[in-house]
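The listed protein sequences derive, respectively, from chains A and B.
Mapping to numbering that gives the first Met the number 0: the first sequence position 481 is 480, numbers consecutive.
Mapping to numbering that gives the first Met the number 0: the second sequence position 477 is 476, numbers consecutive.
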Amino acid sequence: MNFTLVLGILGRMLLGYAAVMAVPFMLAVFCQDNSQIAFLLSLTFTAVLGVLLSRLRHSVPERMRIRESFLIVAGAWVFMSLLGAFPFWLAGAVPSYVDALFEAVSGLTTTGSSVINNVEGLPLSLLLWRSLTQWLGGIGIIVLFIILLPNTGFGAVQLFNAEVSGPLSKRTMPRIRDTALTIGRIYLLLTASLIAFLWFAGMSFFDAVNHALSTVATGGFSTKNNSIMYYDSIALELILVLFIIISGGNYRIYLEVWKNRSLKPLKNGEFITYLLIILFSTLFIMGGLWLKHSNHPEYVLRHALFQVVSMVTGTGFVSTDYEVWPPFTKMLLFVLMFVGGCAGSTTGGMKVSRLMLLTKHTWSMLTRGLHPRAISSIKMDGRAIEAPAVKMVSIFFFLYIIIFALASLLLAATGLQPFEAMGSVAASLSNVGPGFGKVGPMTTYASITAWGKCVLSLCMLLGRLELFTLLIFLRPDFWRGKGNW
Amino acid sequence: MNIPMIFSLLGRLLAVYAAFMCFPLSLALALGEECKAAFFFAALITGLPGLLLWHKGKDADIKFSLREVLVVVGGFWIITALFGALPYYLAHIVPTYIDALFESVSGITTTGATVLTNIEVLPYSILFWRSLTNWLGGISTLVLFLVLLPKSGLGSVLHYNAEIPGSSADRFMPKHRDSVIALFLVYLVISIGCTLLLWGAGMSFFDALNHAMATVSTGGFSTKNANIMYFNSITIELIITFFMILAGTNLALVLLAWQRKNLKPLQNTELLIYLLLIFVAAVISSLNLFFIKGEPLLLALRHGLFQVASFASTTGFVFTDYALWPSLGSLILLLLMFVGGCAGSTAGGIKVSRLIMLGKTAWTELRKGIHPKAVSSIKLDDKLLDEDSLNRVGIFFFIYIVVFAAGSILMTGFGLEPFEAMRAVAAALGNVGSGFSSVGPGNILASISLLGKLVLAICMLFGRLEFFSLLLLLHPDFWQRRKVW
Numbered sequence: 000m001n002f003t004l005v006l007g008i009l010g011r012m013l014l015g016y017a018a019v020m021a022v023p024f025m026l027a028v029f030c031q032d033n034s035q036i037a038f039l040l041s042l043t044f045t046a047v048l049g050v051l052l053s054r055l056r057h058s059v060p061e062r063m064r065i066r067e068s069f070l071i072v073a074g075a076w077v078f079m080s081l082l083g084a085f086p087f088w089l090a091g092a093v094p095s096y097v098d099a100l101f102e103a104v105s106g107l108t109t110t111g112s113s114v115i116n117n118v119e120g121l122p123l124s125l126l127l128w129r130s131l132t133q134w135l136g137g138i139g140i141i142v143l144f145i146i147l148l149p150n151t152g153f154g155a156v157q158l159f160n161a162e163v164s165g166p167l168s169k170r171t172m173p174r175i176r177d178t179a180l181t182i183g184r185i186y187l188l189l190t191a192s193l194i195a196f197l198w199f200a201g202m203s204f205f206d207a208v209n210h211a212l213s214t215v216a217t218g219g220f221s222t223k224n225n226s227i228m229y230y231d232s233i234a235l236e237l238i239l240v241l242f243i244i245i246s247g248g249n250y251r252i253y254l255e256v257w258k259n260r261s262l263k264p265l266k267n268g269e270f271i272t273y274l275l276i277i278l279f280s281t282l283f284i285m286g287g288l289w290l291k292h293s294n295h296p297e298y299v300l301r302h303a304l305f306q307v308v309s310m311v312t313g314t315g316f317v318s319t320d321y322e323v324w325p326p327f328t329k330m331l332l333f334v335l336m337f338v339g340g341c342a343g344s345t346t347g348g349m350k351v352s353r354l355m356l357l358t359k360h361t362w363s364m365l366t367r368g369l370h371p372r373a374i375s376s377i378k379m380d381g382r383a384i385e386a387p388a389v390k391m392v393s394i395f396f397f398l399y400i401i402i403f404a405l406a407s408l409l410l411a412a413t414g415l416q417p418f419e420a421m422g423s424v425a426a427s428l429s430n431v432g433p434g435f436g437k438v439g440p441m442t443t444y445a446s447i448t449a450w451g452k453c454v455l456s457l458c459m460l461l462g463r464l465e466l467f468t469l470l471i472f473l474r475p476d477f478w479r480g481k482g483n484w
Numbered sequence: 000m001n002i003p004m005i006f007s008l009l010g011r012l013l014a015v016y017a018a019f020m021c022f023p024l025s026l027a028l029a030l031g032e033e034c035k036a037a038f039f040f041a042a043l044i045t046g047l048p049g050l051l052l053w054h055k056g057k058d059a060d061i062k063f064s065l066r067e068v069l070v071v072v073g074g075f076w077i078i079t080a081l082f083g084a085l086p087y088y089l090a091h092i093v094p095t096y097i098d099a100l101f102e103s104v105s106g107i108t109t110t111g112a113t114v115l116t117n118i119e120v121l122p123y124s125i126l127f128w129r130s131l132t133n134w135l136g137g138i139s140t141l142v143l144f145l146v147l148l149p150k151s152g153l154g155s156v157l158h159y160n161a162e163i164p165g166s167s168a169d170r171f172m173p174k175h176r177d178s179v180i181a182l183f184l185v186y187l188v189i190s191i192g193c194t195l196l197l198w199g200a201g202m203s204f205f206d207a208l209n210h211a212m213a214t215v216s217t218g219g220f221s222t223k224n225a226n227i228m229y230f231n232s233i234t235i236e237l238i239i240t241f242f243m244i245l246a247g248t249n250l251a252l253v254l255l256a257w258q259r260k261n262l263k264p265l266q267n268t269e270l271l272i273y274l275l276l277i278f279v280a281a282v283i284s285s286l287n288l289f290f291i292k293g294e295p296l297l298l299a300l301r302h303g304l305f306q307v308a309s310f311a312s313t314t315g316f317v318f319t320d321y322a323l324w325p326s327l328g329s330l331i332l333l334l335l336m337f338v339g340g341c342a343g344s345t346a347g348g349i350k351v352s353r354l355i356m357l358g359k360t361a362w363t364e365l366r367k368g369i370h371p372k373a374v375s376s377i378k379l380d381d382k383l384l385d386e387d388s389l390n391r392v393g394i395f396f397f398i399y400i401v402v403f404a405a406g407s408i409l410m411t412g413f414g415l416e417p418f419e420a421m422r423a424v425a426a427a428l429g430n431v432g433s434g435f436s437s438v439g440p441g442n443i444l445a446s447i448s449l450l451g452k453l454v455l456a457i458c459m460l461f462g463r464l465e466f467f468s469l470l471l472l473l474h475p476d477f478w479q480r481r482k483v484w
């Protein structure tokens, strides 16, 4: 295991991270608020660490193997979380480092759960930092899973394998760098336009920027304690719904749309299923709400749509206190947390394409049960999926549920009620944000024990990195193996 | 489709079932109970059509294929459920036929959930019939084969049964009629042993017999409202705990150990993990009760062990009002309902062996991240598992969770709180029984709407049949007229 190589690359990453930290720092200086020192210290420490680590790398270019790449990915998220916690901690916005770490992890994994009870009392620079971590986390994930690990959902987990495309992508661009840049442009364009829309619809410029950063990453951090409920504005909610839905789509498709200047790639099986899921879930929730709120049809439609979209993409904005909603709607929202958005997006959850694949596979098994000698293959958008890919998706599903079960037990042991515990784990594993009960839409995660926060932070990371990327470290042969891998 | 043969087989089944109904009938006659008419007519209604169908199919070719097997297997369950409800309905102990159907399905699937609010006032013959359906349900697969094919060998049927993906019974079914009879004898011996021990421990003979039948089949019907709480005797609890755990194991292993006169067959991975799981869960639950709920240590241990054993074996006896259990314990019980017992036992759930297989597969899949093209084999107890089996297990797990999610959403639609709904559906799917917050007079199940009861009854059948047989009946190809199968 070539640790120097790994650390060297991480060092360079940290330098970039420090540069990003400079932005809220400048804001802090400009506003003369009391977090200036916190940011200065954090950014200096990060920069220094970055410089030291990047020196470790030898000038002779080395070959990076698959193992190093896993370590780099995991290391990136871990280092950035550990260091990203410093501004919160040093500025005294949270009681302990564990809380600060939770907030940072929640940001970078685009979860959006918070331990800070009075967000509105934070200095603007810290608010900006929160939203920035989400924005970074979002683009990081897209780059990671489209360029670096395009096959995680569908087969071997290999790094730098843009040549071997996944079932949903074709040869998009000849060069990895170009792809990354285009993704960046799309992401930036979405962010900028959302800022404009939100600002025009009534948010202050600062709020618009923060919410846009957080929305495009399907994160969910807000500058207000009551999230979107604070504004009580249909216009804002609709704008956000539109952009959240877009953010839940597959960036590979957006790359095609960009490159070919046509909307045809949107006619994609997964994308359509994703939209149908949103449609039907909204209708079901409307049905569930109707019995209690039939004299407020506008309430029913508006909040059903918003909450469905928010939960299924794992954004986690809250437009109303759904804790008082009937059990049927809460159960549906809970299940939606597991579903997730499209593969190749910033959303969490299992991803629509995986669930589609498993459903098709089930049907195929039944067919084969009736026609034992038939040869059938499963197709997604006209391309056949091989057996190893299917196996990996079944195992992903299995691991997701097992991790969910075990983590729920741990959280129940910290004192949460069963459904609360399950909700908090699902919200973390699927990077949603708010859960139910003690960690419901109107409260924060502040009351969870430190141990519970650690478990949930781990869940956030596991979910964000789609399980395998982190679980692989459990294998002893990862650390001590020989050969060319 | 070979209709005459299906008539012959199903007719035979009905006739045998009617014959079994004569047992409670004789009891009713002997005790002069009012419901003797109910049993008389029930037996008549079941038996006459049975004999008729048998007669009609008398000259049928013994030529069958997968389709016939499916119809017979599916038909077996539907028939026993529908006709088994007649005694309850005709004796007017339930308000509607749906309630009677629920009780019947609950009996024959060895679930053990009841819609009755006052069990102790019921006539003895009815109580006996309940426990009898449990007992018959437990050996249903054995009964199926013995009844259906008294003369020809079972090998060919098994060949077709094995085509049905996922059904665990087939892999553990003995290949010869003699072994089937031997297994039946083991079941009988254990039932008698349990009855005698319980009688000796202080139960009345009638109670002992009924509880033994319910225990050995991992069913869970009791003759008392307060379930096992009524007896309040450590001896009785320990006896039942022992037999519950035993009933959750693969009796074929017990048979093998007996035949070979050594303990080597018991060195089985699944058995070990099953026992280990019970031990660990019992310890944690007991400690949880001791520390959080403040129960005296001995009581906590009694409660913990019994309840865990009851749920792990999916029997469903209740020794304590576990609705009052603290959060961790409740969640443990919920998860145990999913795990279930050993494959090849009367227990329900996903089955320990499947989870072991999935775990091993997951471990191997992780390796693919390091060695993408490696081919690895997975073994369970020195038996190589082929790709196909592993695939089936993966899909089975997927279906189980999806049905659970859908069922839970439906049940919240009927008014249950999310966790209650999950418990109810998990208890139904896993054929556990006691998923509901209260037993006896406070029985929540009694007040659920008819549609809710129907949904749960369907879940019970799905769980018992392990989905595929029923799902295959839904596949359009099944009904196609094809010449060659």
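We put the CB at the ideal spot given by N, CA and C, even for glycine.
For clarity, every value in this text was computed on a predicted model and none was experimentally measured.
| Item | Value |
| --- | --- |
| Chain-ordered neighbours of serine 407 of chain B on chain A, where CB pairs are closer than 7 Å | Met330 |
| Within-7 Å CB hit, serine 376 of chain B to chain A | no |
| Endpoints, beta strand (DSSP E) assigned at isoleucine 384 of chain A | 382-384 |
| From A:Leu428, A:Phe477, A:Phe2, A:Trp362, residue whose alpha carbon lies closest to that of glycine 74 of chain A | A:Phe2 |
| Extent of the continuous beta strand (DSSP E) to which leucine 383 of chain B belongs | 382-384 |
| Secondary structure, alpha helix (DSSP H): runs of 4+ residues fully inside the stretch 230-278 of chain A | 233-246, 250-259 |
| Nearest-angstrom Cα separation, counted from glycine 406 of chain B out to threonine 194 of chain B | 36 Å |
| Selected residue, minimal CA-CA separation from valine 374 of chain B, among A:Ala386, A:Asp231, A:Met364 | A:Ala386 |
| Nearest to valine 215 of chain A (by Cα), restricted to the options A:Leu131, A:Ile65, A:Leu278, A:Gly414 | A:Leu131 |
| DSSP beta-bridge partners of methionine 391 of chain A | DSSP lists no partner for methionine 391 of chain A. |
| Beta-carbon neighbours of serine 329 of chain B, restricted to chain A and to distances below 9 Å | Ala411, Gln416, Pro417 |
| Nearest residue (CA-CA) to glycine 46 of chain B, options B:Leu85, B:Asp380, B:Glu33 | B:Leu85 |
| Secondary structure of lysine 378 of chain B, DSSP reduced to three states | strand |
| Same chain, Cβ closer than 8 Å to arginine 301 of chain B, five either side skipped, listed in chain order | Ile233, Glu236, Phe318 |
| Outcome for lysine 266 of chain A when other beta-carbon atoms lying within 10 angstroms are tallied against a minimum of 16 | exposed |
| Boundaries of the beta strand (DSSP E) in which isoleucine 146 of chain A is found, first to last residue | Element bounds for isoleucine 146 of chain A: n/a, residue is neither H nor E. |
| Of the residues B:Ser446, B:Leu335, B:Asn430, the one placed nearest valine 104 of chain B, counting alpha carbons only | B:Asn430 |
| Cross-chain neighbours of asparagine 390 of chain B in chain A, by beta carbon under 9 Å | His360, Met364, Ala386, Val389, Lys390, Ser393 |
| Segments assigned alpha helix (DSSP H), at least 4 residues, entirely inside the stretch 14-47 of chain B | none |
| CB contact below 7 Å: alanine 404 of chain B versus chain A | yes |
| Reduced DSSP secondary structure (H/G/I, E/B, other) of isoleucine 401 of chain A | helix |
| In DSSP terms, what isoleucine 377 of chain A is bridged to | A:Ile384 |
| Partner residues on chain B for aspartate 476 of chain A, Cβ-Cβ distance less than 9 Å | Arg366, Ile369, His370 |
| Contact set for isoleucine 71 of chain A: own chain, Cβ-Cβ below 6 Å, skip 5 residues either direction | Val5, Ile8 |
| Coarse secondary structure for threonine 190 of chain A, derived from DSSP in three states | helix |
| Status (buried if at least 16 other CB within 10 Å, exposed otherwise) for arginine 66 of chain A | buried |
| Whole-angstrom C-beta distance between phenylalanine 477 of chain A and threonine 411 of chain B, which should lie under 8 Å | The pair is not a contact, with the Cβ atoms about 42 Å apart (cut-off 8 Å). |
| Per-residue burial, glutamate 269 of chain B [other beta carbons within 10 Å of its own, 16 or more giving buried] | buried |
| Interface flag, alanine 449 of chain A vs chain B, CB-CB below 7 Å | no |
| C-beta contact flag for leucine 9 of chain B and glycine 73 of chain B at 7 Å | no |
| C-alpha distance - leucine 409 of chain B paired with isoleucine 92 of chain B, whole-angstrom precision | 27 Å |
| Neighbour flag for serine 446 of chain B against chain A, beta carbons, 7 Å | no |
| Cβ neighbours of tyrosine 16 of chain B in the same chain (closer than 7 Å, five flanking residues each side left out) | Thr45, Thr79, Phe82 |
| Residues that phenylalanine 397 of chain B contacts on chain A, provided the C-beta gap is smaller than 7 Å | Leu357, Thr361, Ser393, Phe396 |
| Unbroken stretches of the beta strand (DSSP E), 3 residues or longer, contained in the stretch 454-483 of chain A | none |
| Residue interval of the alpha helix (DSSP H) (run including tyrosine 16 of chain A) | 2-30 |
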